[in-house]
Ligand code: CMP
């Protein structure tokens, strides 16, 4: 069994989609190990997305991710990282396979409803970010 980090973003929280998105995740066989509701400060959003430092969309991403509460969730399943990426669909909802979480709930490439770790290494770092020692202040 592997773990991955899933996050429901401010657009989906605002639209009251937490329950239906979690139902889709549980139906796909994921076990919820830990979960929070947290409003990120801009500096923490920037830290979370440090790999995107220098990208043209970073400022917009940081502003959006700190604009309202997010729901980070620690998930477990066999082949969790790839299975969750498949379940959420492409970053841009116009390219997301029908039936995927982004096809159903995302508005645009920026306001795209959810995030999922893109590798086992990112999963470890992102789970530590939200659920490790020191995460309580975020
Ligand atoms: P996420 O899976 O959270 O990882 C990085 C995020 O950057 C991505 O989802 C998008 O929400 C965001 N992103 C990527 N490309 C763009 C873009 N061109 N414009 C705005 N946001 C983007």
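Numbering (full-length UniProt numbering), first residue to last: 1 to 138.
C-beta: ideal position from N, C-alpha, C; glycine also.
None of the values given here were measured: they were computed from a predicted structure.
- The beta carbons of residue 8 and residue 18 sit about 6 Å from each other, so the pair counts as a contact at 8 Å.
- DSSP, reduced to helix, strand and coil, places residue 120 within a helical segment of the structure shown.
- For the stretch 41-118, the continuous beta strand (DSSP E) assignments of 3+ residues that do not extend past its boundaries occur at 71-77 and 114-116, in sequence order.
- For residue 16 and residue 113, the gap between their C-alpha atoms comes out near 11 Å.
- CA-CA distance, residue 129 to residue 135, rounds to 6 Å.
- Cβ neighbours of residue 67 within its own chain (closer than 7 Å, five residues either side excluded): 10.
- Under the 8 Å Cβ criterion, the stretch 21-31 counts as touching the stretch 80-88, having at least three qualifying pairs.
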